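Heads up: the structure comes next, in structure tokens.
Chains as they are written, first to last, in my numbering: chain E, 1 to 211; chain A, 212 to 639.
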């Protein structure tokens with residue numbers, strides 16, 4: 001059966017209409033790696049702590065600590081330990097606490113420019129190994145000389161990450177309040193010489209097909 | 212109207228009908244991608260050997276089923292003791308679960324009348340999401356990272372809150388118990404006590420671990436809840452128990468001490484108590500539209516055919532009546548085509564290597580051996596089964612985990628995950 005030439009456009013339209021009713025499938029060949037700003041929300045986001053939150057939190061902490069006279073204004077630069085050993089995560093979000101504390105330590109060390117001295121307690125074992133090699137005569141004493149012991153610290157970072165979650169079952173809206181608290185503890189007296197709290201709340205609604 | 216013109220109009224209608232009908236069959240998103248062998252080989256090289264058939268599916272089925280396939284492959288890797296690979300898989304699965312799908316193109320397509328719900332990226336039902344958090348939490352426990360283990364179990368409890376029926380919202384006793392166990396192992400006894408009380412509130416018969424308990428014992432039995440697309444147009448999502456060796460009792464024997472496990476979770480019960488989904492209303496609407504279009508089409512085809520036939524009995528206006536009849540017939544065929552193309556079918560993809568139920572116990576043991584024995588009992592239906600399982604220690608606490616049904620005893624493709632998976636499911 002050969003359709004009349006005048007009806008061929010109609011035949012085409014009927015077919016096109018029919019096919020356009022089907023979904024189109026994304027057959028794109030992917031996307032090249034692109035750098036994104038660490039301080040801005042990414043393409044994939046949820047209600048938890050994300051890179052932009054870590055950047056904002058640690059930047060604010062650095063400013064707060066640098067403005068504290070006990071930490072940044074002492075005649076003799078205080079020795080501080082900044083690691084995640086005493087930072088606890090009680091939130092509902094899995095997180096690598098080192099990401100927060102490492103950014104803080106590196107940023108603070110750069111900003112402090114000698115006004116604070118940073119002691120690495122998490123690497124104490126590699127320091128001890130080298131000290132033993134020097135004292136046993138396997139290696140020389142290097143250039144800065146020997147000390148009686150590793151450096152003790154005046155202050156140490158402690159903190160807590162917490163969250164409160166809410167979920168509206170009808171609308172599918174999820175909400176999370178995240179709270180990060182940090183304190184600098186005097187390692188001789190136990191007093192808190194500095195503390196800071198950083199909090200934010202995020203809400204998002206999933207598509208109805210996931211509710 | 213000339214005979215050739217009538218034939219041509221019929222051809223138009225038929226073309227449109229056939230094109231629309233094509234939507235109703237296998238849709239493009241249900242096809243699997245052909246992966247170049249060298250790419251596949253490179254991807255599988257660092258995956259545990261026995262779980263490779265499941266990992267190969269991750270690559271073939273792409274983003275749409277990434278969460279589902281990582282759940283399956285991750286669990287298989289977990290059973291094999293390949294904790295690094297399992298952690299990678301569950302991290303990717305949880306990343307997909309936690310991503311908020313707002314203004315998402317694929318999610319929008321799932322609402323379309325002419326696209327199956329299964330076009331959307333799989334995130335699983337709340338019980339599946341909660342179980343992904345459970346396994347990620349167990350991996351953290353096995354690594355001695357109790358804070359992130361606790362965060363995982365809490366994340367799972369939040370997913371369980373998605374139940375529409377408030378009576379059953381957030382009642383995942385297993386996760387609450389393990390949340391407490393993670394706090395206990397971390398030395399946070401006040402938090403542990405709160406979580407243990409929560410777990411006891413969710414399920415009678417659960418008891419809090421002793422203050423000095425240091426060994427967590429877990430026995431999983433039975434097969435995963437099965438999802439079915441039921442109804443005239445397969446628009447209703449239903450569940451049935453997966454069967455297999457469902458233990459009515461589980462006990463553990465370690466270093467000469469025996470302890471019975473308490474039933475901490477019934478996964479099938481969790482699957483069936485969430486209440487209706489919002490998407491069910493959309494699917495019901497699609498089914499109604501399909502039924503309506505089909506009925507209208509049938510009516511118009513009959514009227515059109517009768518009108519065209521009656522033209523033969525007329526002397527005057529014979530051509531016009533025949534043309535009108537053909538037009539009505541064509542409209543009817545188009546309506547039937549639209550009905551055929553409407554796809555109310557519920558998404559029945561599911562995580563098929565989950566267990567049906569989980570028994571838990573805890574013990575205090577000073578000197579832990581390398582392994583223990585887990586016994587599963589289902590008197591009258593199955594012979595008693597005993598499994599030797601390794602004891603994994605990291606930090607203050609240890610874990611022993613065993614299954615009556617292997618997580619590896621599943622086909623490479625998850626049920627209903629692709630056209631090939633559906634075909635193979637129909638053949639079984």
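Every residue, glycine too, gets a C-beta built ideally from N, C-alpha and C.
Fair warning: this is a prediction, and the values are worked out from it, not measured in the lab.
With respect to chain A, the C-beta atom of residue 204 of chain E has a partner C-beta closer than 7 Å.
With a contact defined as Cβ atoms closer than 8 Å, residue 292 of chain A and residue 622 of chain A miss out at about 22 Å. Within the stretch 315-327 of chain A, the residues whose Cβ lies closer than 9 Å to any Cβ of chain E are, in chain order, 315, 316, 317, 318, 319, 320, 321, 322, 323, 324, 325, 326 and 327. Taking all protein chains shown into account, residue 566 of chain A has 16 or more neighbouring C-beta atoms within 10 Å of its C-beta and is therefore buried. For residue 366 of chain A, the chain E residues whose Cβ falls inside 8 Å of its Cβ are 92, 93 and 94, in order along the chain. Between residue 585 of chain A and residue 613 of chain A, the C-beta spacing is below 7 Å. If you keep only unbroken alpha helix (DSSP H) runs of at least 4 residues inside the stretch 454-523 of chain A, you get 478-483 and 489-521. Residue 86 of chain E counts as exposed, since fewer than 16 other C-beta atoms from the protein chains shown sit within 10 angstroms of its C-beta. Using beta-carbon distances, residue 372 of chain A counts as an interface residue toward chain E, with a partner under 7 Å.
By alpha-carbon distance to residue 154 of chain E, the top candidate from E:208, E:198, E:202 and E:76 is E:76. Under the three-state reduction of DSSP output, residue 413 of chain A falls in the helix class. By the criterion of a C-beta distance shorter than 7 Å, residue 243 of chain A is surrounded in its chain by 271, 272, 629 and 631, once the five residues flanking it on both sides are discounted. Non-local C-beta neighbours of residue 624 of chain A in its own chain, meaning closer than 7 Å and more than five positions away in sequence, comprise 268, 631, 632 and 635, ordered along the chain. Using a CB distance cut-off of 7 Å, residue 38 of chain E does not count as an interface residue toward chain A.
If you draw a 10 Å sphere on the C-beta of residue 477 of chain A, you find 16 or more other C-beta atoms in it, and that means buried.
DSSP places residue 390 of chain A in the uninterrupted alpha helix (DSSP H) bounded by 384-396. In this structure, residue 265 of chain A sits away from residue 296 of chain A, with a CB-CB distance that is not shorter than 7 Å. Secondary structure of residue 111 of chain E (DSSP, three-state): helix. DSSP, reduced to helix, strand and coil, places residue 635 of chain A within a helical segment of the structure shown.
Residue ranges of uninterrupted alpha helix (DSSP H) with 4 or more members, entirely inside the stretch 58-82 of chain E and ordered along the chain, are 69-72. Between residue 203 of chain E and residue 158 of chain E the beta-carbon gap is near 30 Å, outside 8 Å, which marks them as no contact.
Take residue 609 of chain A, set aside five residues on each side of it, and the residues of its chain with a beta-carbon closer than 6 Å to its own are 426, 579 and 602, in chain order. The beta-bridge partner set that DSSP reports for residue 194 of chain E consists of E:184.
Assignment of alpha helix (DSSP H) within the stretch 111-155 of chain E, counting only whole runs of 4 or more residues, yields 124-135 in chain order. For residue 601 of chain A, the uninterrupted beta strand (DSSP E) segment begins and ends at 593-605. Residue pairing by DSSP puts residue 432 of chain A in a beta bridge opposite A:568. At a Cβ-Cβ threshold of 7 Å, residue 409 of chain A and residue 387 of chain A count as neighbours. With respect to the C-alpha of residue 311 of chain A, the residue from A:333, A:604, A:368 and A:324 having the closest C-alpha is A:333. Interface with chain E (7 Å Cβ-Cβ cutoff): residue 611 of chain A is excluded. Nearest CB-CB separation between residue 369 of chain A and chain E: below the 7 Å threshold.
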